[in-house]
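K.L.:
Start counting the sequence shown at 18; every next residue gets the next number (my numbering).
Here you go, one structure.
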Amino acid sequence: MQRKGGRHGDAGGQDSGGQDSGGQDSGGQDSGAVEQVLDELYATPPSAFVSRREEHAAAARTAGRKEDARRIHAARRPTLAAWAANLLTHSRAEETRRFLELGQALREAHRTLDAAGLKDLSAQRRRIVAALTRQAAQLAGEAGQRLSPAAQREVESTLRAVLADPDAADRWAEGRLEAALTPPSAFPSGSAPAEPARPEPGPQPRPKSRGAATGTRAKDELAERRRKRREELERAEQEAERAARQLRDARAEEADAQESLRRADDELGRVRETVATAEERLRAAHEDLDRAERERREAEERGRTAADALADAERDARASARRVDRLTGRGR
Numbered sequence: 018m019q020r021k022g023g024r025h026g027d028a029g030g031q032d033s034g035g036q037d038s039g040g041q042d043s044g045g046q047d048s049g050a051v052e053q054v055l056d057e058l059y060a061t062p063p064s065a066f067v068s069r070r071e072e073h074a075a076a077a078r079t080a081g082r083k084e085d086a087r088r089i090h091a092a093r094r095p096t097l098a099a100w101a102a103n104l105l106t107h108s109r110a111e112e113t114r115r116f117l118e119l120g121q122a123l124r125e126a127h128r129t130l131d132a133a134g135l136k137d138l139s140a141q142r143r144r145i146v147a148a149l150t151r152q153a154a155q156l157a158g159e160a161g162q163r164l165s166p167a168a169q170r171e172v173e174s175t176l177r178a179v180l181a182d183p184d185a186a187d188r189w190a191e192g193r194l195e196a197a198l199t200p201p202s203a204f205p206s207g208s209a210p211a212e213p214a215r216p217e218p219g220p221q222p223r224p225k226s227r228g229a230a231t232g233t234r235a236k237d238e239l240a241e242r243r244r245k246r247r248e249e250l251e252r253a254e255q256e257a258e259r260a261a262r263q264l265r266d267a268r269a270e271e272a273d274a275q276e277s278l279r280r281a282d283d284e285l286g287r288v289r290e291t292v293a294t295a296e297e298r299l300r301a302a303h304e305d306l307d308r309a310e311r312e313r314r315e316a317e318e319r320g321r322t323a324a325d326a327l328a329d330a331e332r333d334a335r336a337s338a339r340r341v342d343r344l345t346g347r348g349r
């Protein structure tokens, strides 16, 4: 994975969190390693995000880096469109830099009402947004994930937000988006805002009547209410998206847990089969032992019987020899 130089704005060997170039923070945690892990995670296809995150978090816990494990576990799985947008910053560093510079120029042209510059830059914006959206779809395809037309529209929306909003640009430059971004409604459409018309010389308009002023206030109040409703709607949509992301993460984690349970059940079944086989062998060994002990006892019994028979035979033989001796006179 290609790392972005300086995170598009970090200065020297120290980042905004006060970490030195050695990658160690004040708590002794390996912050450089954590940043590298997070970069890797947000360049990982969403389908594999949760399992990879848990592997890294477990490794950090095993190494005694509890804060690192907490940071890694807190990472949220990105949507498919957000992941594809992240791929651009991870894999297209030069295009990313030029795109961020285009956004700065566009915002400056809009602030200074530079109509000619804004028109030229807006034409570039449309071409580059379309080109980068195609690149994101290509990168996702190379990683085995096809971007639907809806996901491509979300990537395009994210890129337009990056051009219009410096905060969105900073978030995208980090390469760790969790969801697609939405451009602000005030983003320039391709021409500078019209300058207010200068009043023509002549009689000044008469002051508005009280009724007209009341009507103006009513319109202002209506516009204010509409603005508040729009803001509430935006907040509700953001909260809904956040809840949807949490639901997706929870479902993914539940699926991972089910998969872990399935593997554990398979392993338990194999162990039980091994135990059953061992128990069967143990029963057979006990039977062999019982049979061997029984045969030994029988052999001992036969040995004792044979010894008794031998002793009897020896007595009989001695008695017979003595009779023979007496009869032949050898005993005289």
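No residue lacks a Cβ here, since even glycine has one placed at the ideal position from N, Cα and C.
In the structure shown, what three-state DSSP assignment does R193 receive?
P.N.:
In the structure shown, R193 sits in coil (DSSP, three-state: anything other than H, G, I, E or B).
K.L.:
Round the Cβ separation of A92 and L58 to the nearest angstrom and send it over; I've been treating them as touching at under 8 Å.
P.N.:
Yes, they are in contact, since the Cβ atoms of A92 and L58 sit about 6 Å apart, within 8 Å.
K.L.:
I think L104 touches L180, with their Cβ atoms under 8 Å apart; what is that distance to the nearest whole Å?
P.N.:
Not a contact, Cβ separation roughly 18 Å.
K.L.:
Just mark G192 as buried or exposed, buried being the case when its beta carbon has 16 or more other beta carbons within 10 Å.
P.N.:
Counting Cβ neighbours within 10 Å, G192 comes out buried, since at least 16 surround it.
K.L.:
For G346, name the three-state secondary structure that DSSP assigns.
P.N.:
If DSSP states are grouped into helix, strand and coil, G346 belongs with coil.
K.L.:
Assuming the contact rule is C-beta atoms closer than 8 Å, L198 and A185 should be a hit. Round their C-beta distance to whole Å, please.
P.N.:
Confirmed, Cβ separation roughly 5 Å.
K.L.:
Under the rule that 16 or more other beta-carbon atoms within 10 Å means buried, what is S139, buried or exposed?
P.N.:
Buried, by the Cβ-count rule.
K.L.:
Consult DSSP for Q141 and reduce its assignment to one of helix, strand or coil.
P.N.:
Three-state result, Q141: helix.
K.L.:
Do the CB positions of A98 and V146 come within less than 8 Å of each other?
P.N.:
Contact flag unset, no.
K.L.:
Can you tell me the Cβ-Cβ gap for D187 and P200, rounded? I've got them flagged as a contact below 8 Å.
P.N.:
Contact doesn't hold; Cβ gap of about 15 Å is too wide.
K.L.:
E112 and L55 - do their beta-carbons sit closer together than 8 Å?
P.N.:
Cβ distance not < 8 Å, so L55 and E112 don't count as in contact.
K.L.:
At least one CB of chain D closer than 8 Å to the CB of T294: is that the case?
P.N.:
Checking the listed chains, one finds no chain D in this structure; it contains a single protein chain.
K.L.:
Please report the straight-line C-alpha distance between T294 and L306, rounded to a whole angstrom.
P.N.:
Distance between the alpha carbons of T294 and L306 is about 18 Å.
K.L.:
Flag this pair as yes or no: are the beta carbons of L176 and A101 separated by less than 8 Å?
P.N.:
It is not a contact, given that the beta carbons lie outside the stated cut-off.
K.L.:
Cα-Cα, which of A301, R265, L285 is closest to A196?
P.N.:
The candidate whose alpha carbon is nearest that of A196 is R265.
K.L.:
Between A60, D237, A86, which lies nearest to V51 when the distance is taken from Cα to Cα?
P.N.:
The candidate whose alpha carbon is nearest that of V51 is A86.
K.L.:
Could you tell me if R70 is buried or exposed, where buried requires 16 or more neighbouring beta carbons within 10 angstroms of its beta carbon?
P.N.:
It counts as buried.
K.L.:
Just verifying my parser: in three-state terms, what is the DSSP assignment at T79?
P.N.:
It is helical.
K.L.:
Distance, Cα to Cα, D342 vs R335?
P.N.:
Rounded to the nearest angstrom, the two C-alpha atoms are 11 Å apart.
K.L.:
CB-CB under 7 Å to D17, same chain, minus the five flanking residues each way: which ones, in chain order?
P.N.:
The question about residue 17 has no answer here: the residues shown for the chain are numbered 18 through 349.
K.L.:
Tell me the start and end of each unbroken alpha helix (DSSP H) in the segment 284 to 337 that is at least 4 residues and wholly inside, in chain order.
P.N.:
List check, alpha helix (DSSP H) in window: nothing returned.
K.L.:
Please report the distance separating the alpha-carbon of E304 from that of G320.
P.N.:
Cα to Cα, the separation comes out at about 24 Å.
K.L.:
Taking the straight line between their C-alpha atoms, what separation do you get for Q53 and E296?
P.N.:
Each residue's Cα considered, the two are about 50 Å apart.
K.L.:
Would the beta-carbon of P63 fall within 8 Å of that of T96?
P.N.:
A contact, by the Cβ cut-off of 8 Å.
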